[in-house]
Amino acid sequence: MPMIRNDINSPELLQHRYIFLTDDSGIGNGHAEPNIDCYVVTRLDQLIARVLAGIVGGHRVEPKQGEIIRTVGSYDRGRCKTTQLQRTDAQVEHEG
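Mapping of the sequence shown onto the UniProt record's numbering: residues 1 to 96, in sequence order.
This is the structure we're talking about:
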């Protein structure tokens with residue numbers, strides 16, 4: 001899993017999961033705010049532990065509720081629910 005700098009790499013171009021640093025810890029120099037629709041912020045040590053557990057276990061390991069510092073957008077188990085997807089879900093529910 002790549003770790004990128006938000007000021008030089010565009011996540012939209014990469015189209016996969018990646019790790020980035022935020023300013024939430026208050027330590028170090030400032031980081032550019034990511035230009036993506038949704039994400040979850042956790043401590044870096046917890047993130048690395050989850051990524052390694054997921055590699056070993058063969059499945060994605062989501063953060064526990066108490067590990068989440070903040071959430072941006074409509075994040076749902078590793079996926080970002082965009083407005084278009086939400087409309088599609090609503091249409092399916094209406095038709096069903």
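Cβ coordinates follow ideal geometry from the N, Cα and C atoms, glycine included.
Asp24 beta carbon less than 9 Å from that of Ser74: no
Gln65 to Arg50 span [Cα, whole Å]: 13 Å
Identity of the residue in Ile55, Thr71 and Glu33 nearest Phe20 by Cα: Nearest to Phe20 by C-alpha distance, out of Ile55, Thr71 and Glu33, is Glu33.
From Gln46, Tyr39 and Tyr18, residue whose alpha carbon lies closest to that of Lys81: Tyr39
Sequence-distant residues of its chain with Cβ nearer than 7 Å to Arg77 (five each side left out): Glu62
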